[in-house]
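**Q** Quick note, the working numbering runs 15 ahead of the 1-based positions in the sequence shown.
All C-beta atoms, glycine included, are put in the ideal place defined by N, C-alpha and C.
Please read through the structure below; I'll follow up with questions.
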Amino acid sequence: MTSEPVSPSFPRFQSTVPHYVAGRPNYAPALIQAVAEHLRLTKDHRLMDLGCGPGWLGIAFAPLVGEVIGIDPEPAMLEAAQAIANAAAVEIELIQGSSFDLGPQLGRFRAVAIGRAFHWMDRADTLRKLDPLIDEDGAIMLFNDVRSDVPQNAWYKRYAEVVDRFTNRSVGFAPERLRHETILLESRFSQLTRIGIIEQRHVPVARLIDRALSMSTSSPEQLGALSDQLAQELTMEMSPFATAGGVVEVIESQVLIAQRH
16 MTSEPVSPSF PRFQSTVPHY VAGRPNYAPA LIQAVAEHLR LTKDHRLMDL
66 GCGPGWLGIA FAPLVGEVIG IDPEPAMLEA AQAIANAAAV EIELIQGSSF
116 DLGPQLGRFR AVAIGRAFHW MDRADTLRKL DPLIDEDGAI MLFNDVRSDV
166 PQNAWYKRYA EVVDRFTNRS VGFAPERLRH ETILLESRFS QLTRIGIIEQ
216 RHVPVARLID RALSMSTSSP EQLGALSDQL AQELTMEMSP FATAGGVVEV
266 IESQVLIAQR H
């Protein structure tokens, strides 16, 4: 087991922003609606999108609650979030910061959403800081996505192998770290519920290349001139699986909802 991060390291996603917006799979709208119903979210509630990136979660929940605050350490991500919020005609307050900056100055929230970012945080410390900010019947929501082991996803093994060859694992997080469930079960937020929505999507190969370049371990900053080589190899390896310039992906948008007993 490795230790949790003890200090922020913010610039890791600076070069990934356009690729992140273009290539990362967004969460199923049906999942957002299911979570809102499960937590009985209303216009009387506030929601925090912690480690918001381009703000997808906060923007998705904005029409369902009274106020949304998005927090991220990367200014370029916040700029992308503002542009996406403007295009969606929703209001969201965006703050440059991180889990290290959580405190009473932010107010109280019905729910805190974290999408693919909890692993970068000192998780136990973050849960302690969030505890006094969340309503007693509120929740922490950890969003993620997984690929089902189905024939439509046969391309994914070859895709992952190519990306893995270009990956700089020294800038990632240790794979042997404890699962989120273990950390949550030892916190006050130990009542856990998982909800998933499965969809079949057509994903252009160009977006899969963006997805690879959106990772901190295979970002343009890490790869430099090798970015073009990665793109060429992915284009070649995906061609046997592609129709109309893209592959079929069966993806499950998931959320792990953590509440107090």
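Can you give me the Cβ contacts of Ser202 inside the same chain, cut-off strictly under 6 Å, excluding the 5 residues immediately before and after it?
**A** Contacts found: Leu142.
**Q** Buried or exposed: which applies to His276, given that a residue is buried once 16 or more other Cβ atoms fall within 10 Å of its Cβ?
**A** exposed
**Q** Could you give the first and the last residue of the continuous alpha helix (DSSP H) run that contains Thr31?
**A** Where Thr31 is concerned, there is no enclosing alpha helix (DSSP H), given that its DSSP letter is neither H nor E.
**Q** Where do the ends of the beta strand (DSSP E) carrying Val50 lie?
**A** Segment Pro44 to Leu54 is the alpha helix (DSSP H) holding Val50; no beta strand (DSSP E) there.
**Q** Please report the straight-line C-alpha distance between His217 and Pro166, rounded to a whole angstrom.
**A** One C-alpha to the other measures close to 14 Å.
**Q** For Ser24, count neighbouring C-beta atoms within 10 Å of its own C-beta (all shown protein chains included) and say buried if the count is 16 or more, exposed if not.
**A** Low per-residue confidence applies at Ser24: pLDDT is 48, beneath 50, and the placement is therefore not dependable enough to give any value.
**Q** Looking at the structure shown, is Phe256 part of a helix, part of a strand, or coil, going by DSSP?
**A** In this structure, Phe256 counts as helix in the three-state DSSP scheme.
**Q** Can you tell me where the alpha helix (DSSP H) holding Gln120 begins and where it ends?
**A** Looking at the DSSP string, Gln120 is not in any alpha helix (DSSP H), and its letter there is neither H nor E.
**Q** Would you report the Cα separation of Val21 and Arg138, rounded to the nearest angstrom?
**A** Per-residue confidence for Val21 stands at a pLDDT of 43, beneath the threshold of 50, marking its modelled position as unreliable; the derived number appears in the next sentence. The alpha-carbon atoms of Val21 and Arg138 are separated by roughly 10 Å.
**Q** Report the three-state DSSP secondary structure of Val270 (helix, strand or coil).
**A** strand
**Q** Alpha carbon to alpha carbon, what distance is there between Ala75 and Pro44?
**A** Straight across, the Cα-Cα distance linking Pro44 with Ala75 is about 8 Å.
**Q** To the nearest angstrom, how far is it from the Cα of Asp140 to the Cα of Leu200?
**A** For Asp140 and Leu200, the distance between alpha carbons rounds to 14 Å.
**Q** Is there contact here, the stretch 116-132 with the stretch 57-76, by at least three beta-carbon pairs under 8 Å?
**A** With a cut-off of 8 Å on Cβ pairs, the stretch 116-132 is in contact with the stretch 57-76, counting three or more such pairs.
**Q** Report buried or exposed for Gly239, applying the criterion of at least 16 other Cβ atoms within 10 angstroms of its Cβ.
**A** exposed
**Q** Taking the DSSP output, what are the residues bridged to Gly261?
**A** Pro219 and Thr258
**Q** Near Ile47, what residues of its chain come up, given a Cβ to Cβ distance below 6 Å and the 5 sequence neighbours on each side ignored?
**A** Ala75
**Q** Could you tell me whether the Cβ atoms of Pro147 and Ser113 are closer together than 8 Å?
**A** no
**Q** Looking only at C-alpha atoms, which of Ile99, Thr258, Val50 and Glu252 sits nearest to Ala37?
**A** Ile99
**Q** Report buried or exposed for Pro255, applying the criterion of at least 16 other Cβ atoms within 10 angstroms of its Cβ.
**A** Answer is exposed; the Cβ neighbour count stays below 16.
**Q** On the CB-based measure, 16 or more other CB atoms within 10 Å of its CB, does Gln274 come out buried or exposed?
**A** buried
**Q** Per DSSP, what kind of secondary structure is Val178 in: helix, strand or coil?
**A** helix
**Q** DSSP state of Asn101, grouped into three classes?
**A** helix
**Q** Should Met92 go down as buried or exposed, given a rule of 16 or more other Cβ atoms within 10 Å for buried?
**A** buried
**Q** CB-CB under 8 Å to Val178, same chain, minus the five flanking residues each way: which ones, in chain order?
**A** Ala227, Met230, Ser233, Leu245 and Leu249
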